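So the sequence shown is numbered by numbering that gives the first Met the number 0: it starts at 0 and just counts up by one. Glycine included, C-beta positions come from ideal geometry on N, C-alpha and C. These figures come from a predicted structure and were not determined experimentally.
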Amino acid sequence: MSESNSTENLSHADFRTRAIHVGNEIDPSTGAVVPPIHLASTFRQPGAGEWGEFDYSRSGNPTRHNLETTLTSLDSGAGALAFSSGMAAIHCVTMLLRSGDHVVAGCDLYGGAYRLLHKICSRSGIEVTLVDMTDHLAVESAIKTKTRLVWGETIGNPRLTIPNLSRLAEIAHAKGCLFGVDNTFGTPALIRPLELGVDIVMHSATKYLGGHSDCLGGTLAVADRSLYDELYFIQNATGAVLDPFSCFLVSRGLKTLDLRVREQSATALRLAQWLEQHPRVRSVLYPGLASHPQHELAQSILSGGFGAMVTFELDAEKSETAKVCESTQLFHLAVSLGAVESLIEQPATMSHASYDAADRERFGISDGLIRLSVGLESFEDLQADLQRAFCQ
Numbered sequence: 000m001s002e003s004n005s006t007e008n009l010s011h012a013d014f015r016t017r018a019i020h021v022g023n024e025i026d027p028s029t030g031a032v033v034p035p036i037h038l039a040s041t042f043r044q045p046g047a048g049e050w051g052e053f054d055y056s057r058s059g060n061p062t063r064h065n066l067e068t069t070l071t072s073l074d075s076g077a078g079a080l081a082f083s084s085g086m087a088a089i090h091c092v093t094m095l096l097r098s099g100d101h102v103v104a105g106c107d108l109y110g111g112a113y114r115l116l117h118k119i120c121s122r123s124g125i126e127v128t129l130v131d132m133t134d135h136l137a138v139e140s141a142i143k144t145k146t147r148l149v150w151g152e153t154i155g156n157p158r159l160t161i162p163n164l165s166r167l168a169e170i171a172h173a174k175g176c177l178f179g180v181d182n183t184f185g186t187p188a189l190i191r192p193l194e195l196g197v198d199i200v201m202h203s204a205t206k207y208l209g210g211h212s213d214c215l216g217g218t219l220a221v222a223d224r225s226l227y228d229e230l231y232f233i234q235n236a237t238g239a240v241l242d243p244f245s246c247f248l249v250s251r252g253l254k255t256l257d258l259r260v261r262e263q264s265a266t267a268l269r270l271a272q273w274l275e276q277h278p279r280v281r282s283v284l285y286p287g288l289a290s291h292p293q294h295e296l297a298q299s300i301l302s303g304g305f306g307a308m309v310t311f312e313l314d315a316e317k318s319e320t321a322k323v324c325e326s327t328q329l330f331h332l333a334v335s336l337g338a339v340e341s342l343i344e345q346p347a348t349m350s351h352a353s354y355d356a357a358d359r360e361r362f363g364i365s366d367g368l369i370r371l372s373v374g375l376e377s378f379e380d381l382q383a384d385l386q387r388a389f390c391q
């Protein structure tokens, strides 16, 4: 490859530049500026017992490799892996554990992760303790001699708590634990946890990385190459890899990630400020508001915005909350998040319905809670849509 087409010299380029060019080298055979999608399931080898760079698409695929190259750069990692879903990526992390091990996880946690830890990992004799990740002493106290993993979220789901990742990394490492985080809400455009001492960062690529509600995927990036090798072994052995076409869609989405997230975050902040003054709203949880408990921390660790997720609580019963969610037109009533269209949902009955009822109550996932994923529509139109729903 000619020097002009190589991206090896882009390691110090801006995030937005690397998102477009790293892992997206010019196709040497045709000059195409977008790499081709390699759909082959198997690859001809040079000889019996001699292996080329690719042999079987579960073990490695050129299109997946390109995406993983881009992700390694954007997450500031030593390596990255692309999975068939975000939950497949988290599951791969939990397969580092053995029967008798213990996990400390955040209580502001995606419902699917809660279900995996409490309903699946528990079958293998893995114990889980949920704790407030913003309380360092509580996290430290929860770690036992058998604790092997501390798992949190950079921006909690659904209450948008912000943990101090650097401090938690110090605590976890002092106790001999791995520290992993779900950075789906934050995205590498706003925060890169590996730069703050985190060992494993996960993204549901279905959300902001893809960005258009048209593909399913998950990713892991790690700070240590030996840890990457261990996770790659598990992925290859179990097979939950991302298909080539979805890899292409995520790679395409990454090229506009920075622009989308910044614009969505700006609109989310305006909506949060408006909601905070609305007479029907009891409280608003958004890291960009001065009223948020970790607002100052968010200012120091998030760059380019405070994220595009807004959670607020109505002074209402479950049925009234559901009615508001069902009355919007631009905000689609749907689970998922992070795409160009805005979504609305009631966590207690949707994204976090897998929580035990007692845990929903204990961790503040009330019936009046509403979660917004702010898309790329105009602020004025989204504001009017919510106002109409409030007046139903």
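Ile-233 lies in the alpha helix (DSSP H); which residues open and close that run? 224 to 237
Please classify Ile-190 as buried or exposed, where buried requires at least 16 other C-beta atoms within 10 Å of its C-beta. buried
Suppose contacts are defined by Cβ-Cβ distances below 8 Å. Is Gly-337 in contact with Tyr-231 by that definition? no
First through last residue of the beta strand (DSSP E) which encompasses Asp-181: 177 to 181
Cβ-Cβ distance between Phe-82 and Gly-252 below 8 Å: no
Which of helix, strand or coil DSSP assigns to Tyr-113: helix
Give me whichever residues DSSP pairs with Ile-199 in a beta bridge. Gly-179 and Val-221
So what does DSSP say about Glu-295, is it helix, strand or coil? helix
Counting only the same chain and skipping the five closest in sequence on each side, list residues whose C-beta sits under 8 Å from that of Thr-16. Leu-9
Can Leu-164 and Thr-146 be called in contact, C-beta distance under 8 Å? no
Run of the alpha helix (DSSP H) containing His-172, from where it starts to where it stops: 164 to 173
Should the region 302 to 315 be called in touch with the region 264 to 271, which here means at least 3 C-beta pairs below 8 Å? yes
Since Met-308 is in the beta strand (DSSP E), which residue starts that stretch and which ends it? 308 to 313
I think Ser-372 touches Gly-110, with their Cβ atoms under 8 Å apart; what is that distance to the nearest whole Å? That pair is no contact at about 15 Å.
Pull up the distance between the alpha-carbon of Asp-74 and that of His-202, whole angstroms please. 10 Å
Smallest Cα separation from Ser-40: which of Pro-34, Arg-63 and Gly-30? Arg-63
Residues of its chain near Val-102, where Cβ-Cβ distance is below 8 Å and the 5 sequence neighbours each way are ignored: Thr-93, Leu-96, Leu-116, Cys-120, Ile-125, Glu-126, Val-127, Thr-128, Thr-146, Arg-147, Leu-148, Val-149 and Trp-150
Are there three or more Cβ pairs, one per stretch, closer than 8 Å when the region 165 to 178 is compared with the region 191 to 201? yes
Measuring straight from C-alpha to C-alpha, what distance separates Ala-333 and Leu-385? 15 Å
Could you tell me which residues DSSP pairs with His-331 in its beta bridges? Leu-342
Other residues of its chain near Cys-214: CB distance less than 7 Å, five sequence neighbours each side excluded: Thr-205, Ser-245, Leu-248 and Val-249
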